[in-house]
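Visitor:
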Amino acid sequence: MNSQAITRFAVEGIIAAGKTSLAQALAHGLQAQVLSEDDLYNPFLEKFYADRQRWALACQLQFLDQRLRQFSQGEDAPEIIVADHTIDKEMLYAQVNLDEQEFDLYQRMYQQLAVRCAFNPQLIIYLASDVEVILERIHSRGRHSENFIDEAYLYRLRDIYHAWFTGPGGKGRRVVVVDSDATFISRDPQAMSILVDACRAAPMGVSYCNPVA
6 MNSQAITRFA VEGIIAAGKT SLAQALAHGL QAQVLSEDDL YNPFLEKFYA
56 DRQRWALACQ LQFLDQRLRQ FSQGEDAPEI IVADHTIDKE MLYAQVNLDE
106 QEFDLYQRMY QQLAVRCAFN PQLIIYLASD VEVILERIHS RGRHSENFID
156 EAYLYRLRDI YHAWFTGPGG KGRRVVVVDS DATFISRDPQ AMSILVDACR
206 AAPMGVSYCN PVA
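Using this note's numbering, the first residue of the sequence shown is number 6, and each one after it goes up by one.
(1) Cα separation between I85 and D70?
(2) Do you know offhand how far Q112's Cα is from A21's?
(3) Apply the 10 Å Cβ neighbour rule to S8 and answer buried if 16 or more other Cβ atoms are within range, or exposed otherwise.
(4) Assuming F170 and V183 make a contact with CB atoms under 8 Å, what is their CB distance in whole Å?
(5) Over what stretch of residues does the alpha helix (DSSP H) that includes R72 continue unbroken?
(6) Under 8 Å between the Cβ atoms of P194 and F14?
(7) Opposite E17 in the DSSP bridges: which residues?
(8) Thinking C-beta only, is F153 closer than 8 Å to F76?
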């Protein structure tokens with residue numbers, strides 16, 4: 006399968022990995038529709054970052070609901086779609102954010118609801134980001150809701166993401182792991198061309214691409 010045959014792409018990575026910028030650049034080159042996390046509204050997010058233990062479950066449930074609603078919009082779309090997130094991330098964040106009892110409840114709900122997800126990407130670009138770079142981006146973009154994010158939280162997220170998308174999450178679909186600065190790639194035509202070529206040639210399972218020489 007090449008990129009011309011693929012109609013459902015997704016870009017994944019932890020907070021501030023450059024998902025939206027890369028998804029928009031890829032969508033521009035493919036003349037595709039974008040499904041962006043920026044369009045999701047979660048009234049619990051800022052409260053969660055200030056007090057994770059209290060607001061984690063409410064925040065997770067809100068995101069699950071919003072993500073499923075958004076993905077249902079692209080169910081019958083004939084055009085190419087590029088999303089800057091996947092339904093996978095809900096369980097990954099839940100593993101980090103929820104206590105044992107909350108996770109057990111959430112997992113049962115997720116298993117019933119996620120099967121209805123209308124957006125199933127044929128190819129995922131996973132951004133394997135450096136946590137120090139992520140912290141710099143978080144501080145530079147100055148979002149008030151992210152002021153409480155700490156380094157330990159990001160490392161735990163990074164480890165869970167990496168284990169999933171280079172392991173079980175790569176089975177039965179194509180995952181292209183990019184260990185480069187996604188923000189730079191999205192602005193550089195040559196790097197984008199290298200990445201698109203890697204997507205065209207991607208075999209089933211996990212493959213790797215470094216578009217930045």
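Even for Gly, the Cβ is constructed at its ideal location relative to N, Cα and C.
Guide: From the atom records:
(1) The sequence position of residue 85 within the sequence shown is 80, counting from 1. The sequence position of residue 70 within the sequence shown is 65, counting from 1. Answer to the nearest angstrom: the Cα atoms are 23 Å apart.
(2) Here residue 112 refers to the residue found at position 107 of the sequence shown. Here residue 21 refers to the residue found at position 16 of the sequence shown. Going by the C-alpha atoms only, they are around 25 Å apart.
(3) Here residue 8 refers to the residue found at position 3 of the sequence shown. Since pLDDT at S8 reaches only 48, below the 50 mark, its modelled position is unreliable, and no value is offered.
(4) To locate residue 170, count along the sequence shown from 1; it is residue 165. To locate residue 183, count along the sequence shown from 1; it is residue 178. 11 Å between Cβ atoms; not a contact.
(5) On the sequence shown, position 67 is the one that residue 72 refers to. From DSSP, the alpha helix (DSSP H) with R72 extends over 57-77.
(6) In the sequence shown, the residue the question calls residue 194 occupies position 189. In the sequence shown, the residue the question calls residue 14 occupies position 9. In this structure, F14 does not lie closer than 8 Å to P194 by Cβ.
(7) Against the sequence shown, residue 17 aligns to sequence position 12. According to DSSP, which records beta bridges pairwise, E17 is partnered with Y131.
(8) Residue numbering aside, residue 76 sits at position 71 when the sequence shown is read from its first letter. Residue numbering aside, residue 153 sits at position 148 when the sequence shown is read from its first letter. No, the pair does not count as a contact, with Cβ atoms beyond the cut-off.
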